[in-house]
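Each remark here refers to the structure printed beneath this line.
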């Protein structure tokens, strides 16, 4: 990607800067450049990262800047030094937003001689013709996270928003391949078995007709792939409101305003053009420990839905993201999922901190006018749990749609077909009424069990987990249950060392408490089961009718009977093949579900995105 961010000289150029000197009033600043136009696009964020190699370079960062070997480093990082050799506290990591702002942005783009925000710099020097960018997504995050992870999280979100038809494209690819295979099989069977009947088509080559159908499917797939490529490029123009870049770091009182309700954060959230809100969350749920992040979530969940004097009420979609993907869509590993579930149990908004004591007082007073901190904590936990529950449900999707649904459809259609034929001539298959009754109950039981499995895996959450509990010497194992009212846990250990403790959890969601993802998966699972079973239902009555005429030894009846039986056998083969392939795909998904390799992530994404 070509870098297009010009580094500004220290001496200001007269007339070329929106604020060549300090001292602008807040009304002037936001009058010239409103908060809802201070968006930074994903493309500009990527250009900032790629223009400076030190942003992506992994270095040793000391937790205490005053330690020996790091006193000369202004931001507390160094290479191989005394700190790591003497095992002092620190980490190998890339630059966070604090360091990017102090060492890159404020030094090379928005230094004190010009004193403006990075969004104003982009408007004036990078895109002077187009001006500001309307904000599409508000970003809630904390400054201590690696800047590269922040960009990766926003990139995943933007691509997901721009490629809404990913599931349709992936399903079209499976459909095109399946149509080609089935049509090739049908062309041979029709030409071999029913060649005499095809003479009535008056010279029309049935093979050409079938292959043309396959060509149409592949052309549709090609057009959808081209559309996906164009939409992926549109993700680069997705604009975000990020406080570090939207606010003038030299005039922070402009961003804070007189009250928190008039701060730039609240004004940006009230923006009429705002489409969504993104919370960049890590395994420790650090954003809940930062008071401004808590205020942003409170404003989006409590204030905006109720409206106010200067703005209409609205509900803002909230998505939780990280560098691996969108958490509310299942984009996280099992370990991160477990860590977040453990961290949210400790959320206490009353203990969240801000950089200034005055900000803490104002935010706590503002929250107290609408709700209590305990109620806010419950809301924050529930919002996070919705995303975590979606992640768990997403992991069960391949098993639901690729195995249980085909098996359920096979048993349903088979039961329907068998009951019709058995009721028509039961003596043909059974010698006694007891055998007939036993077989009937067996078919009905298999059909009922398969349907119940589809319903359970769409609505329930069942987990088995083995863990080694440490005794008094190693410390006690905390209770990591997110909500004891929703989970049924195995009895806890008495405190002594008990290895390989099996933890069994069942979470039951009633229909009234279904999430949107649960409703979607539940509806799709039922619909898909009956769609697969539909041809079996439709073929059973014609088979019964043709068999009634078969007793007259009619040649036409025997031909149609054989044709219908072949169609039913073909459809059963498709169902069995689909179920076996789905079982193999589910096993592979289970084996690579926590792998960080690119191919494993792509494989997981394909299986999940087809149905979500």
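In this note's numbering, the protein residues as written are 2 to 613. Where a beta carbon is used, it is the ideal one built from N, C-alpha and C, also for glycine. In this text the structure is predicted, and so the values were computed from the model without any measurement.
If I measure Cβ to Cβ from residue i and keep anything under 7 Å in the same chain, skipping five residues before and after, which residues do I get?
i           : result
residue 37  : 135, 136, 269, 272, 274
residue 143 : 287, 288, 291, 294
residue 53  : 105
residue 457 : none
residue 377 : 299, 350, 368
residue 162 : 239
Can you give me the Cβ contacts of residue i inside the same chain, cut-off strictly under 8 Å, excluding the 5 residues immediately before and after it?
i           : result
residue 316 : 305, 306
residue 355 : 291, 292, 293, 361, 364
residue 147 : 94, 95, 96, 97
residue 127 : 5, 6, 7, 45
residue 55  : 96, 104, 105
residue 47  : 2, 152, 156, 237
Can you tell me which of the options puts its alpha carbon nearest to the alpha carbon of residue i?
i           : options            : result
residue 444 : 125, 411, 250, 100 : 411
residue 321 : 252, 62, 389, 102  : 389
residue 98  : 49, 451, 130       : 49
residue 295 : 248, 325, 361, 400 : 361
residue 245 : 308, 375, 105, 52  : 105
residue 621 : 241, 112, 521, 588 : Past the edges of the chain, shown from 2 to 613, lies residue 621, and the structure says nothing about it.
residue 617 : 148, 256, 385      : This structure gives no information on residue 617, because the portion of the chain shown stretches from 2 to 613.
residue 33  : 118, 163, 308, 153 : 118
residue 60  : 31, 100, 47, 124   : 100
residue 578 : 446, 442, 408      : 408
residue 401 : 451, 440, 253, 312 : 451
residue 154 : 325, 581, 255, 585 : 325
residue 62  : 92, 47, 35         : 92
residue 240 : 397, 152, 592      : 152
residue 35  : 242, 158, 107      : 242
residue 256 : 31, 107, 383       : 31
residue 359 : 156, 130, 261, 308 : 261
residue 145 : 102, 582, 357      : 102
residue 312 : 357, 263, 353, 404 : 263
residue 404 : 581, 130, 442, 107 : 581
residue 276 : 131, 125, 592, 158 : 158
Three-state secondary structure (DSSP) at residue i?
i           : result
residue 368 : helix
residue 239 : coil
residue 327 : strand
residue 93  : strand
residue 42  : strand
residue 310 : coil
residue 346 : coil
residue 62  : strand
residue 6   : coil
residue 109 : helix
residue 631 : An answer regarding residue 631 cannot be provided, because it is not within the stretch 2 to 613 covered by the chain.
residue 118 : coil
residue 303 : helix
residue 286 : coil
residue 251 : coil
residue 315 : coil
residue 35  : coil
residue 26  : coil
residue 374 : helix
residue 103 : helix
List the DSSP bridge partners of residue i.
i           : result
residue 320 : 279
residue 138 : 241, 277
residue 147 : 97
residue 354 : 291
Would you mind giving the Cβ-Cβ distance between residue i and residue j, rounded to the nearest angstrom? I have them listed as a contact below 8 Å.
i           : j           : result
residue 323 : residue 281 : 7 Å
residue 348 : residue 381 : 6 Å
residue 368 : residue 299 : 6 Å
residue 26  : residue 120 : That belief does not hold up - the Cβ atoms of residue 26 and residue 120 are roughly 18 Å apart, past 8 Å.
residue 149 : residue 57  : 6 Å
residue 416 : residue 439 : Incorrect: roughly 14 Å between the Cβ atoms, too far for contact.
residue 310 : residue 266 : The Cβ separation is near 18 Å, so there is no contact.
Near residue i, which residues of its chain fall below 6 Å by C-beta distance, leaving aside the five closest residues on each side in sequence?
i           : result
residue 374 : 350, 351
residue 278 : 139, 301, 317, 319
residue 371 : 303
residue 679 : Since the first residue shown for the chain is 2 and the last is 613, residue 679 is missing from the structure and cannot be characterised.
residue 122 : 110, 111
residue 258 : 264
Relative to the ligand SAH, is the shortest distance from any of its heavy atoms to the C-beta of residue i smaller than 7 Å?
i           : result
residue 313 : As far as ligands go, the structure on display features none, and thus does not contain the ligand SAH.
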